[in-house]
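Notes follow the structure.
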Amino acid sequence: MKIQVPENIASIIPYPPGKPLEELEREYGISDSIKMASNENPWGPSPKAITAIRGALDNLHRYPDGSCYHLTQALAERYGLVAEEVVLGNGSNEIIEMLVKAFVQTGDEVITSHPSFLMYQKIVQGRAGMNKVVPLVGMQHDLATILATITDTTRLIFLDNPNNPTGNPIHPTELQAFLSRVPESVLVVLDEAYVDFMDSELQCDIVSLIRNNTGCGVVSLRTFSKAYGLAGLRVGYGLMPSSLVASLHKVRQPFNVNQLAQTGALAALQDEDFYQQTLQRTRTGLNYLQGEVNKLGCISYPSQTNFFLVDVHGDATAMYEAMLHKGVIIRSMKPYGYTTMVRITVGTEEENDRFLRALTLCLGELAYG
Ligand SMILES: Cc1ncc(COP(=O)(O)O)c(C=O)c1O
């Protein structure tokens with residue numbers, strides 16, 4: 002075989018998913034491990050989603066509804082949009098991919114922050130687009146430098162709001178001021194994967210931005226993977242002007258959201274109890290963990306999400322490894338340039354205590370402080 006791999010593909014570093022629990026247990030010969038690394042919902046899927054999915058199993062010999070009719074309608078209704086302003090994806094990841102496929106051609110520029118969600122740059126690279134990367138300042142998107150980085154060939158700007166990994170939001174007034182200065186030819190993608198966890202006064206009025214922004218185009222990406230507990234099903238959605246949705250339909254696969262995913266997401270959307278409990282328990286867990294981590298001498302950073310950064314005052318990857326040996330999976334932020342920080346996802350009440358016990362032991366073993 003003599004297959005030439007194009008340079009833009011050869012140089013992609015594959016996305017590093019959080020270590021699966023089964024793999025950890027096999028490798029380290031342990032059991033009962035916990036994962037607080039991938040910002041999932043630790044309380045499981047919405048019970049209503051499980052019931053609905055069970056009821057849909059007999060129909061798996063049929064292709065799913067390629068238009069995701071019922072889920073699209075339900076989302077449009079929820080936001081006061083029309084169905085033509087909503088697009089569904091195999092996770093919001095797929096919508097990132099569709100946006101790049103539809104609007105970025107070889108050599109076109111896409112602006113992202115560093116660090117931010119890793120997939121933006123990989124997808125742009127896969128498309129032979131040009132990544133323009135603007136470092137965060139004070140762990141926040143540097144909107145002024147992003148504006149200064151825009152050129153005639155800039156097509157997209159990805160802003161995760163709140164940012165992953167820092168958990169920091171963009172203040173709505175700053176966002177508004179920023180958007181008013183972005184040229185009309187540029188599309189600003191607000192990746193709102195964690196929007197559900199934000200304080201309401203920090204959430205922007207996305208419908209008005211999509212419909213009334215007079216300058217650049219604005220897109221919101223949201224997901225069922227976090228607050229709705231359906232990461233394993235892979236369902237995300239985009240809210241955007243209908244002309245953009247029409248372009249995305251041209252580049253997506255015909256049955257991109259599978260039947261169980263559509264059924265489960267629709268039921269989860271209507272499971273208000275589960276959703277509200279998740280938000281409340283996440284907030285309580287976050288406050289508790291941050292307080293306890295600080296008591297151990299670490300520094301926890303504020304977050305508007307279901308995860309937060311902790312400075313452990315020592316090598317982050319060594320801490321990650323030490324925690325693995327205790328059966329607790331977290332994320333080292335060393336690859337993101339935060340050499341002494343780890344990222345922790347809020348767990349169940351028991352998981353949070355287990356994490357704290359393991360952290361106490363590891364801080365001692367590694368003599369951090
Ligand atoms: C900021 C951000 N955007 C998008 C995603 C992808 O989410 P999904 O599961 O909907 O593909 C993630 C997942 O962790 C994320 O952190």
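Heads up: the sequence shown runs through residues 2 to 370, numbered per this note's numbering.
Glycine is no exception: its CB is placed at the ideal position from the N, C-alpha and C atoms.
For residue i, count the other beta carbons within 10 Å of its own beta carbon; 16 or more makes it buried, fewer makes it exposed. Which is it?
{"i": "glutamate 273", "result": "exposed"}
{"i": "leucine 137", "result": "buried"}
{"i": "aspartate 206", "result": "exposed"}
{"i": "aspartate 161", "result": "buried"}
{"i": "serine 114", "result": "buried"}
{"i": "asparagine 91", "result": "buried"}
{"i": "glutamate 41", "result": "buried"}
{"i": "phenylalanine 308", "result": "buried"}
{"i": "asparagine 164", "result": "buried"}
{"i": "tyrosine 64", "result": "exposed"}
{"i": "arginine 235", "result": "buried"}
{"i": "serine 186", "result": "exposed"}
{"i": "lysine 3", "result": "exposed"}
{"i": "glutamate 95", "result": "buried"}
{"i": "arginine 79", "result": "exposed"}
{"i": "serine 32", "result": "exposed"}
{"i": "threonine 155", "result": "buried"}
{"i": "asparagine 169", "result": "buried"}
{"i": "lysine 227", "result": "buried"}
{"i": "phenylalanine 256", "result": "exposed"}
{"i": "asparagine 47", "result": "Checking the sequence, you will find serine at residue 47 rather than asparagine. When all chains shown are included, serine 47 counts as buried."}
{"i": "threonine 152", "result": "exposed"}
{"i": "asparagine 371", "result": "For the chain, the structure presents residues 2 to 370; residue 371 sits outside this window and is missing."}
{"i": "alanine 247", "result": "exposed"}
Just the Cα atoms here: how many angstroms apart are residue i and residue j?
{"i": "glycine 230", "j": "serine 39", "result": "12 Å"}
{"i": "threonine 167", "j": "arginine 284", "result": "16 Å"}
{"i": "isoleucine 380", "j": "glycine 218", "result": "Since the first and last residues shown for the chain are 2 and 370, residue 380 lies out of range."}
{"i": "aspartate 59", "j": "leucine 72", "result": "20 Å"}
{"i": "leucine 249", "j": "tyrosine 321", "result": "39 Å"}
{"i": "leucine 310", "j": "threonine 340", "result": "12 Å"}
{"i": "cysteine 363", "j": "threonine 346", "result": "18 Å"}
{"i": "valine 252", "j": "glutamine 177", "result": "30 Å"}
{"i": "methionine 371", "j": "proline 7", "result": "Past the edges of the chain, shown from 2 to 370, lies residue 371, and the structure says nothing about it."}
{"i": "glutamine 122", "j": "valine 101", "result": "10 Å"}
{"i": "lysine 337", "j": "isoleucine 13", "result": "It should be noted that the sequence gives tyrosine, not lysine, for residue 337. Distance between the alpha carbons of tyrosine 337 and isoleucine 13: 16 Å."}
{"i": "methionine 140", "j": "isoleucine 147", "result": "14 Å"}
{"i": "isoleucine 124", "j": "threonine 361", "result": "39 Å"}
{"i": "serine 181", "j": "glutamate 23", "result": "48 Å"}
{"i": "threonine 150", "j": "threonine 52", "result": "49 Å"}
{"i": "threonine 264", "j": "tyrosine 70", "result": "11 Å"}
{"i": "glutamine 5", "j": "glutamate 110", "result": "25 Å"}
{"i": "leucine 86", "j": "glycine 365", "result": "Reading off the sequence shown, one finds glutamate at residue 86, where the question assumed leucine. Going by the C-alpha atoms only, they are around 53 Å apart."}
{"i": "glycine 30", "j": "arginine 355", "result": "18 Å"}
{"i": "methionine 120", "j": "leucine 325", "result": "25 Å"}
{"i": "proline 17", "j": "arginine 332", "result": "10 Å"}
{"i": "proline 143", "j": "alanine 103", "result": "The identity of residue 143 in the sequence shown is aspartate, whereas the question assumes proline. C-alpha separation (whole angstroms): 26 Å."}
{"i": "alanine 232", "j": "threonine 107", "result": "32 Å"}
{"i": "valine 313", "j": "tyrosine 369", "result": "7 Å"}
{"i": "proline 15", "j": "methionine 99", "result": "18 Å"}
{"i": "glycine 127", "j": "tyrosine 302", "result": "33 Å"}
{"i": "cysteine 299", "j": "glycine 315", "result": "10 Å"}
{"i": "serine 93", "j": "valine 294", "result": "32 Å"}
{"i": "alanine 323", "j": "leucine 357", "result": "13 Å"}
{"i": "alanine 50", "j": "serine 244", "result": "31 Å"}
Spatial neighbours of residue i within its chain, please: C-beta separation below 6 Å, excluding the five flanking residues on both sides.
{"i": "leucine 191", "result": "Leu160, Asn162 and Ser221"}
{"i": "lysine 36", "result": "Leu22 and Ile330"}
{"i": "serine 436", "result": "Coverage of the chain is limited to positions 2 through 370, which leaves residue 436 absent and any answer about it impossible."}
{"i": "arginine 223", "result": "Glu193 and Tyr238"}
{"i": "valine 83", "result": "Ala77"}
{"i": "alanine 129", "result": "Asn9 and Thr107"}
{"i": "proline 173", "result": "Cys205"}
Under 7 Å Cβ to Cβ from residue i, same chain only, skipping five residues before and after it: list those, please.
{"i": "aspartate 200", "result": "Gln305"}
{"i": "methionine 334", "result": "Pro166, Leu310, Ala317, Met342, Val343 and Arg344"}
{"i": "proline 116", "result": "Leu137, Pro166, Tyr337 and Gly338"}
{"i": "leucine 280", "result": "Asp197, Phe198 and Ala228"}
{"i": "glycine 67", "result": "Pro255 and Phe256"}
Quick one: what's got a C-beta closer than 8 Å to residue i's C-beta in the same chain, skipping five residues either side?
{"i": "leucine 267", "result": "Ala53, His71, Leu72 and Ala75"}
{"i": "glycine 216", "result": "Leu180, Ser181, Arg182, Val183, Pro184 and Glu185"}
Within the region 291-358, ranges of the beta strand (DSSP E) (whole runs, at least 3 residues)
308-312 and 342-346
Whether or not the region 239-247 and the region 258-265 are in contact is what I'm after, with contact meaning three or more pairs of Cβ atoms, one per stretch, closer than 8 Å; do they touch? Result no; under three Cβ-Cβ pairs closer than 8 Å.
Problem - Minimum length 4: unbroken alpha helix (DSSP H) runs contained in the region 143-192 - result: 144-150 and 173-182
Item to complete: Flag this pair as touching only if the region 281-295 and the region 50-67 have three or more C-beta atom pairs under 8 Å; answer yes or no.
Response: Because the criterion of three Cβ pairs below 8 Å is not met, the region 281-295 and the region 50-67 do not touch.
message = Report the start-end ranges of each beta strand (DSSP E) in the region 87-139 that is 3 residues or longer and not cut off at the edges.
response = Segments of the beta strand (DSSP E) lying fully in the region 87-139: 87-90, 110-115 and 131-136.
*In the region 187-245, which residue ranges form an unbroken alpha helix (DSSP H) of at least 4 residues, counting only runs that do not cross its ends?*
207-213
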